[in-house]
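In what follows, a structure is listed as structure tokens, so that the remarks can point back to it.
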């Protein structure tokens, strides 16, 4: 997927249960929450008994990229180990790869469905962190003001969209004359 720059194959949606969200909320670090959320989505998407399919360093980097978590190589390994140490993930008995298995639980209460498989960490924050929203154009998280709950764009995208609207308006007016 990464080497050939291929997108995920079409998949209807991935279901996230309340038990998954409870486990994610039990993590103290926001980066760990985004990483574990992404691992759960990948494990459910692959539907392979909880394995997330990150078999090497490039696969691990891809998981962090989907989770919108930036960290050094050493920090990434420490984050993986902290999830392993806390019992959230497992490794294979023959440890020849970085592939991890997420402990999945199924319950009846569905709290979230994922149908867009990019910016997964930001999708989690958009739903569960107050005061932040995800831009509908670029997927970047931005802080909202107390009174501004209807905005859809970050400052940069809002500026570009407003500029394009002004250009289109002037072109229409120019054609009418």
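Numbering (my numbering), first residue to last: 13 to 189.
Here a beta-carbon is modelled for each residue, glycine too, at the ideal position from N, C-alpha and C.
Can residue i and residue j be called in contact, C-beta distance under 8 angstroms?
i, j, result
"residue 95", "residue 132", "no"
"residue 194", "residue 126", "Because the chain in this structure spans residues 13 to 189, residue 194 falls outside the shown range and cannot be described."
"residue 81", "residue 116", "no"
"residue 166", "residue 181", "no"
"residue 45", "residue 136", "yes"
"residue 121", "residue 30", "yes"
Note down, in chain order, each residue of its chain lying with its Cβ closer than 6 angstroms to the Cβ of residue i, except the 5 sequence neighbours on either side.
i, result
"residue 35", "none"
"residue 146", "134, 138, 153"
"residue 32", "52"
"residue 49", "36, 136"
"residue 54", "64"
"residue 26", "53, 56, 57, 126"
"residue 86", "none"
Count the other CB atoms, across all protein chains shown, that sit within 10 Å of the CB of residue i; report buried if there are 16 or more and exposed otherwise.
i, result
"residue 175", "exposed"
"residue 148", "exposed"
"residue 178", "exposed"
"residue 56", "buried"
"residue 88", "buried"
Within its chain, find whatever has a CB closer than 7 angstroms to the CB of residue i; leave out the 5 residues flanking it on each side and keep chain order.
i, result
"residue 103", "96, 112"
"residue 164", "148"
"residue 168", "none"
"residue 173", "165"
Who are the Cβ neighbours of residue i in its own chain at under 8 angstroms, not counting the five residues just before and after it?
i, result
"residue 24", "127"
"residue 83", "43, 76, 91"
"residue 9", "The displayed coordinates of the chain run from 13 to 189. Any statement about residue 9 would go beyond what the structure contains."
"residue 58", "64, 65"
"residue 143", "155, 156"
"residue 38", "none"
"residue 158", "none"
Examine the Cβ distances between the region 63-73 and the region 146-161 and report whether three or more of them are shorter than 8 angstroms. no
Going residue by residue through the region 60-124, where are the continuous alpha helix (DSSP H) segments of at least 4 residues, counting only ones entirely within it? 69-78, 85-97
Sequence ranges, beta strand (DSSP E) only - wholly within the region 129-172, length at least 3: 144-146, 153-155
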